[in-house]
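Undergrad: Here the working numbering runs 165 ahead of the position in the sequence shown, where the first position is 1. Think of the CB as a built atom: it goes at the ideal place given N, C-alpha and C, for glycine as much as any other residue. Because the structure is a prediction, the values reported are computed rather than measured. Please find one structure pasted underneath; my questions will follow.
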Amino acid sequence: MQNFINTYIAQKDSFESCFANQLQSSSPSNNKATWKVQGIEHLGNDECQVSYTCAGVGDQSSALTCLKATPNADEFKTILGKCSHSSDAKAGAGKNAGVSGGSDADHKAGTGDNKRIIIGGLIPAITSHTCSSSDSDTINGCFNISHADLASLKEQQASFESCFTKQLQASSPSNNNATWKVQGIEHLANDDCQVSYTCTGAGDQTSAVTCLKATPNADEFKTILGKCSHSSDAKVGTGDNKRIIIGGLKPAVTSHTCSSSDSDTINGCFNISNVDLTLLTAQKDSFESCFTKQLQASSPSNNKATWKVQGIEHLANDECQVSYTCTGAGDQPTALTCLKATPDADEFKTILGKCSHSKGGDDVALDGDGYLFIVDSSNNRIIGSGPNGFRCIIACGSTRGSASNQLNNPSTFSFDSYGNIYVTDQGNSRVQKFMLIPSITYPLSFNQPNFCPSTTWYTDAITFANSSIAGSGIFGVFISINNTVYVANKVNNAIYVFLEGSVIPNRSITYGLSTPLNVYATLYGDVYIDNGLNNGRVDKWAVNANTSVNVMTIPTACEGFFIDTSNTLYCSITLNHQVVKKWLNDNRTTSTLVAGTSSGGSSATQLLYPCGLYVDAQYNVYVTDCGNNRVQMFTSGQLTGITKAGNGATGTITLNCPHAITFDANSYMFLVDTNNNRVIGSGPYGFRCLFGCTTIAGSSPSQLNAPRDFGFDSYGNLFVSEQYNNRVQKFIIASNSCSLSYSQPTFCYNALWYSNASTFASSSTIGILPYGIFINGINTVYVPNRVSNTILSWPQGSTTSTSNIYSNSSNPYSLFMSITGEIYIDNGYSYGRVDKYNFDTSNRVTVMNVNGSCYGLFIDISNNLYCSIKNRHQVAKLLLNNGTTIPTIAAGNGSAGSLSNMLNSPQGIYVDSNLNLYIADSANNRIQLVQAGQLDGVTIVGNGSSANITLNYPTGIVLDANGYLFIVDSYNHRIVASCSTGFRCIAGCSGGGSSSSQLSFPQSMAFDSYANIYVTDRNNSRVQQFTLQISNCSKFVCI
């Protein structure tokens, strides 16, 4: 290491000249400034520190700015480049290509001061990145990359474009058509390379700019960038990380605290990373001797001081902690200073160096993917790296022996062409062959249904398990991929197992359990049970086994479980504010830290009562951080979390102790929000409440009381455990359409609605004379208020509206929402246009120019937008995103009339899946059908048809899933519907009026996902809701 420091010392004059030149150029007042090195020292974290003094500065503000900026100067970087650990390494030469550093003696893994060896060169890295909007559709930017090969960068151009485009399109529904293109790749004078680019089609530029800045941190980008190294053919370092550790990292003191407890005693402790507990304990006497000598030499008053170890223990974050007591120190201030300084003493470092995890690592090899395998001799094992970090792969008991699964001081090893490992087992005087187990990906064992953006569930649940099965204060429930339900009863110390279709338990697991809070089952039927609260372990019950096996030792209960695709078990130790994991393919029971510290907190590295867990395909860990009211995501191998929802994630949702988490097949997040007594889910429209949406605790079928856990069956039904209702509830899926942004129910012949409606919204909210209404697939109701020029919205279950104000809106008659959440609003009355607003934003885009109000708006499955222009007696049509706002004519010749190519005051419109257009041709008292590609219509209902019903100014038309028509027959003050034998009245059948069973000149109608009908009752200035009463497909005669 001294050679390494010497490289900095050798460049001392160059550093001083560089900084002095920069300072003197920074301001006329600094033209005599000087910059001098005061010291260069090596730090314990393998960094070096340069301290300096600057004199002769007249303009200190400019000087400070200059000092901070100088490390980015080309001259400084050139000097710094001469100080590398491996500045003389020749990549690609001979067998040990790319191995850098000192003499042959220093090349031995695990020896010398430096245990980090660089193979294959430095990793490419982004050094700067700028981007900005050049117009409403375009973002230009560029980024510089260090340590990159220009030819390799150009070869990866298509990969970069694909990566950025995917990230952009996922950043916002308004960016789903965005593209990212490289404009140029060039070599810069400072040996960096620069990539310039253009992004087009981003409707939400704020999200796009944020995404562009974040994409270089994405795993996919790093993988591509890793292929662009100057020496990308080196087997090590072809991926994300070109620094590998051979022989282990050297142990280091990471924290040290000590203080006086009385006039004679000092207590303290220090934590050590990269250390073996057994070896550390073996050095106890050496540590005591070292500290005692240092103390006695620190002051004459301390010449009888002693230092004794009180304990050595392994911490959850894989560090070890040494606690100690010092007595007999007469000069305590000097003693405290000495204690803090002793870990820097050479004697201490020598002792600590004997305690490395893999001090005796004698051999190392790499597989074809660049993963590292090491002989860990002193631990009598072979370890290997992978996507989840290092793990033991052979002789994992770490106890020397001669059995077939043991080693004794192994020294070297090698792979054959089949992947089998041969080990020279030195202590047993033999060579052992360990056969490769075929690579296995362990599929997830729970259901992840393919939910559509508009999926809904019935809000009244049925009770699956009452208190006799669930027990008091239930937490855990698990539904396997074959729909087996597991219920953890912590009162009865039992797990009850229900096979699909069973209403009574088919199996119970009880032996040796104490207060199990959670349960998890694998695809093969093995059951993992929390047994930590009183027994300190996680138990595995193999399928059909009569006894359990301890697979993980834990300090207290696991409130959350997860097993990822590499067969790694994760446990959230809630009371310890940590998440740990353990690979299930070895026989160890110790765990490693995934997230959190030993104390609760709200920083990015801390958790506060973590509960639910989910691990995605990239091994990113999602944690419901209950006490911080947020969801944290920890990328693979990182201890710093990123807030994905709740407190700290702007624009998501407010949470109150989220307790469980899962994702569907489309990667949408679902959460149990415990203290809000609800279940929520995300989608292209953002987060929405699914169940318990009043947030009021209760025991009715539509209420929850402290829900704790949940899971889907393969049909999309949801099971929820409730702590304070002592039950498991089952919510049945109601609809799951992926092609429509609205609900299109299926009805039986005898479907009936209650004749007395409830008033959903009155004139005080929606204003007078309402026309349009739209209900999206998740049952959010939208109604234009033409008086206040706003759009009112009600989320499912809410009786309180939100008033959405859109700029320059005038007298909106209608609106429509796309499957991706964009809202299209009629603005033809004063401004002659249809406006589009991206979901949850006020960013307006004019998508269609029209010469009058659109009394009806509709978007078909081919992304065509239709507008019925009543006063022009036409229906206009425009293919969205085709570069123009000028529509074509879909029906009507512009003159009022009753011929097949004419319309008279058309209002409501509907387009079916075959692109046939249905028009409520109001003043002609008929419904016109215009087939795809035609301009002439056919009368299918009303004046001029053979249908058995007379219409009087129809204003609305909707089709159900079977193609039956529902018509707002405005001047007859009713809603009529077709069936196989004709038409019948279904609402407002007693004539016009203002009672709950009557309507007065209704205008539009829409279904929610439960088949309830909402009607804008124009002359009563209200919206009425008619609730579905019967739909059981018995025979019914239409009138």
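#1: For Y787, write down the residues that DSSP places opposite it in a beta bridge.
#2: Would the beta-carbon of P1119 fall within 8 Å of that of G1107?
#3: Whose CA, out of N658, N657, Q797 and G641, lies closest to the CA of V650?
#4: Determine the burial state of H824: buried for a count of at least 16 other Cβ atoms within 10 Å of its Cβ, exposed for fewer.
#5: Run through DSSP, which three-state label would N1014 get?
#6: Tell me where the beta strand (DSSP E) around F190 begins and ends.
#7: If you draw a straight line from the C-alpha of Y1031 to the C-alpha of L1044, how long is it?
#8: Below 8 Å on the Cβ atoms is my contact criterion, and I expect N468 with A500 to pass it. Report the Cβ-Cβ distance as a whole number of Å.
#9: Measuring alpha carbon to alpha carbon, tell me which residue in W345, S324 and L315 is nearest C358.
#10: In angstroms with no decimal places, state the Cα-to-Cα distance between L957 and G851.
#11: Does DSSP put K505 in a helix, in a strand, or in coil?
#12: Let me confirm a value: P193 is counted as buried when at least 16 other C-beta atoms fall within 10 Å, else exposed. Which label applies?
#13: Is it right to say G1153 is buried, meaning 16 or more other beta carbons lie within 10 angstroms of its own, or is it exposed?
#14: How would you call V668, buried or exposed, if buried means at least 16 neighbouring beta carbons within 10 angstroms?
#15: Confirm, please, whether the CB-CB distance from G846 to S902 is below 8 Å.
#16: Which same chain residues, not among the five before or five after K505, have their C-beta less than 8 Å away from its C-beta?
#17: Using CA coordinates, which residue listed in G551, T490, C485 and D1134 is at the minimum distance from W472?
#18: Quick one: using the 10 Å Cβ neighbour count with 16 as the cut-off for buried, is T443 buried or exposed?
#19: Measure the C-alpha to C-alpha separation of E181 and P289 and round it to an integer number of angstroms.
#20: Return yes when the C-beta of L318 is under 7 Å from any heavy atom of the ligand ATP, and no when it is not.
#21: Could you say which of Q497, G391 and N341 lies nearest to C376 if we only look at CA atoms?
#22: In chain order, what residues of the same chain lie with their CB nearer than 7 Å to the CB of T911, ignoring the 5 residues before and after it?
#23: Taking only three categories from DSSP, how would you classify D369?
#24: Go ahead and label N954 buried or exposed: buried means 16 or more other beta carbons lie within 10 angstroms of its beta carbon, across all protein chains shown.
#25: Return the chain-ordered list of same chain residues with a C-beta closer than 8 Å to the C-beta of S1186, the five sequence neighbours on each side being excluded.
#26: Decide if the stretch 1137 to 1147 is in contact with the stretch 869 to 886; the criterion is three or more beta carbon pairs, one per stretch, under 8 Å apart.
#27: From the DSSP output, read off the bridge partner residues of P575.
#28: Got a sec? Which residues, its chain only, sit under 6 Å from N436 by beta carbon, not counting five neighbours each side?
#29: Am I right that D991 and S972 are in contact with their C-beta atoms under 8 Å? What's the rounded C-beta distance?
#30: Of all the CB atoms in chain C, is at least one closer than 8 Å to the CB of T1120?
#31: Using only the alpha-carbon positions, how far apart do S904 and R1149 sit?
#32: Pick helix, strand or coil for W622, following the three-state DSSP scheme.
#33: For N1117, I'd like the list of residues in its chain whose CB is within less than 7 Å of its CB, leaving aside the five on either flank, ordered along the chain.
#34: When we look at the beta-carbon of S768 and count the other beta-carbons within 10 Å, is it buried (16 or more) or exposed?
#35: Is the Cβ-Cβ distance between V1095 and L1082 less than 8 Å?
#36: Suppose you measure from the CA of T403 to the CA of G391; what does that come to, to the nearest Å?
TA: Based on what the coordinates show:
#1: Sequence index remark: in the sequence shown, residue 787 carries index 622 (1-based). Y787 is bridged by DSSP to Y779 and M798.
#2: On the sequence shown, position 954 is the one that residue 1119 refers to. On the sequence shown, position 942 is the one that residue 1107 refers to. Going by C-beta atoms, P1119 is nearer than 8 Å to G1107.
#3: Looking up residue 650 in the sequence shown gives position 485. Nearest C-alpha to V650 among N658, N657, Q797 and G641: G641.
#4: The residue labelled residue 824 in the question sits at position 659 within the sequence shown. Of the residues assessed, H824 falls on the buried side of the cut-off, its CB having 16 or more other CB atoms within 10 angstroms.
#5: Residue numbering aside, residue 1014 sits at position 849 when the sequence shown is read from its first letter. In this structure, N1014 counts as strand in the three-state DSSP scheme.
#6: As a first step, residue 190 is located in the sequence shown; it is residue number 25 there, counting from the start. What sits at residue 190 in the sequence shown is Ser, not Phe. Note, S190: premise wrong, no beta strand (DSSP E); alpha helix (DSSP H) at K177 to S191.
#7: Here residue 1031 refers to the residue found at position 866 when the sequence shown is read from its first residue. Here residue 1044 refers to the residue found at position 879 when the sequence shown is read from its first residue. Each residue's CA atom was taken as its position, placing Y1031 and L1044 some 9 Å apart.
#8: Residue mapping note: residue 468 aligns to position 303 of the sequence shown, counting from 1. Residue mapping note: residue 500 aligns to position 335 of the sequence shown, counting from 1. The beta carbons of N468 and A500 sit about 11 Å from each other, so the pair does not count as a contact at 8 Å.
#9: For this step, residue 358 is matched to residue 193 along the sequence shown. If we check each option's Cα against that of C358, L315 comes out closest.
#10: Here residue 957 corresponds to residue number 792 of the sequence shown, with the count starting at 1. Here residue 851 corresponds to residue number 686 of the sequence shown, with the count starting at 1. Inter-residue distance for L957 and G851 is about 18 Å (C-alpha atoms, whole angstroms).
#11: Your numbering for residue 505 matches position 340 in the sequence shown. When DSSP states are grouped into helix, strand and coil, K505 belongs to the helix group.
#12: Here residue 193 refers to the residue found at position 28 of the sequence shown. Its Cβ having fewer than 16 others within 10 Å, P193 is exposed.
#13: The residue labelled residue 1153 in the question sits at position 988 within the sequence shown. By the Cβ-count criterion, G1153 is buried, with 16 or more other Cβ atoms from all chains shown falling within 10 Å of its own Cβ.
#14: Position 503 of the sequence shown holds residue 668. Under this definition V668 is an exposed residue.
#15: Counting from 1 along the sequence shown, the entry for residue 902 is found at position 737. Counting from 1 along the sequence shown, the entry for residue 846 is found at position 681. No, the pair does not count as a contact, with Cβ atoms beyond the cut-off.
#16: Numbered from its first residue, the sequence shown carries residue 505 at position 340. The residues are H421 and C423.
#17: Your numbering for residue 472 matches position 307 in the sequence shown. Nearest C-alpha to W472: T490.
#18: Locating residue 443 in the sequence shown gives position 278, counting from the first residue. By the neighbour-count criterion, in which a residue is buried when 16 or more other Cβ atoms sit within 10 angstroms of its Cβ, T443 is exposed.
#19: Here residue 181 corresponds to residue number 16 of the sequence shown, with the count starting at 1. Here residue 289 corresponds to residue number 124 of the sequence shown, with the count starting at 1. Going by the C-alpha atoms only, they are around 28 Å apart.
#20: With respect to the ligand ATP, the structure offers nothing, as it holds no ligand at all.
#21: Taking the first residue of the sequence shown as 1, we reach residue 376 at position 211. Cα-wise, what sits closest to C376 is N341.
#22: Position 746 of the sequence shown holds residue 911. Same-chain partners within the cutoff: D1125, A1126 and N1127.
#23: Mapped onto the sequence shown, residue 369 falls at position 204. Three-state DSSP puts D369 in coil, outside helix and strand.
#24: As a position in the sequence shown, residue 954 is number 789, starting the count at 1. Classification of N954: buried, given that the 10 Å Cβ count is 16 or more.
#25: The sequence position of residue 1186 within the sequence shown is 1021, counting from 1. Answer for S1186: S927, S928, I931, G932, I933, L934 and P935, listed in chain order.
#26: No, because fewer than three Cβ pairs between the stretch 1137 to 1147 and the stretch 869 to 886 fall closer than 8 Å, the two stretches do not touch.
#27: Numbered from 1 along the sequence shown, position 410 holds the residue referred to as residue 575. Paired residue(s): D590.
#28: For this step, residue 436 is matched to residue 271 along the sequence shown. Short of 6 Å from the beta carbon of N436, and not among the five residues preceding or following it, lie these beta carbons of its own chain, in chain order: T419, S420, E484 and Q486.
#29: Position 826 of the sequence shown holds residue 991. Position 807 of the sequence shown holds residue 972. Contact flag wrong, Cβ pair sits at about 15 Å.
#30: The structure shown contains no chain C; it holds only a single protein chain.
#31: On the sequence shown, residue 904 is found 739 positions in, with the first residue counted as 1. On the sequence shown, residue 1149 is found 984 positions in, with the first residue counted as 1. S904 and R1149 have their C-alpha atoms roughly 29 Å apart.
#32: Stepping through the sequence shown from its first residue, residue 622 is reached at position 457. In the three-state DSSP reduction, W622 falls in the strand class (E or B).
#33: Taking the sequence shown and counting its residues from 1, the one referred to as residue 1117 is at position 952. Once the five neighbours on either side are set aside, the close Cβ partners of N1117 are N1090, D1134, Y1136 and N1137.
#34: As a position in the sequence shown, residue 768 is number 603, starting the count at 1. It is exposed - the Cβ of S768 has fewer than 16 other Cβ atoms within 10 Å.
#35: In the sequence shown, counting from the first residue as 1, residue 1095 sits at position 930. In the sequence shown, counting from the first residue as 1, residue 1082 sits at position 917. Yes.
#36: What you label residue 403 is simply residue 238 of the sequence shown in a count that begins at 1. What you label residue 391 is simply residue 226 of the sequence shown in a count that begins at 1. Confidence at T403 is low in this model, with a pLDDT of 33, below 50, so its placement is unreliable and the value that follows should be read with caution. Taking the straight line from one Cα to the other gives about 6 Å.
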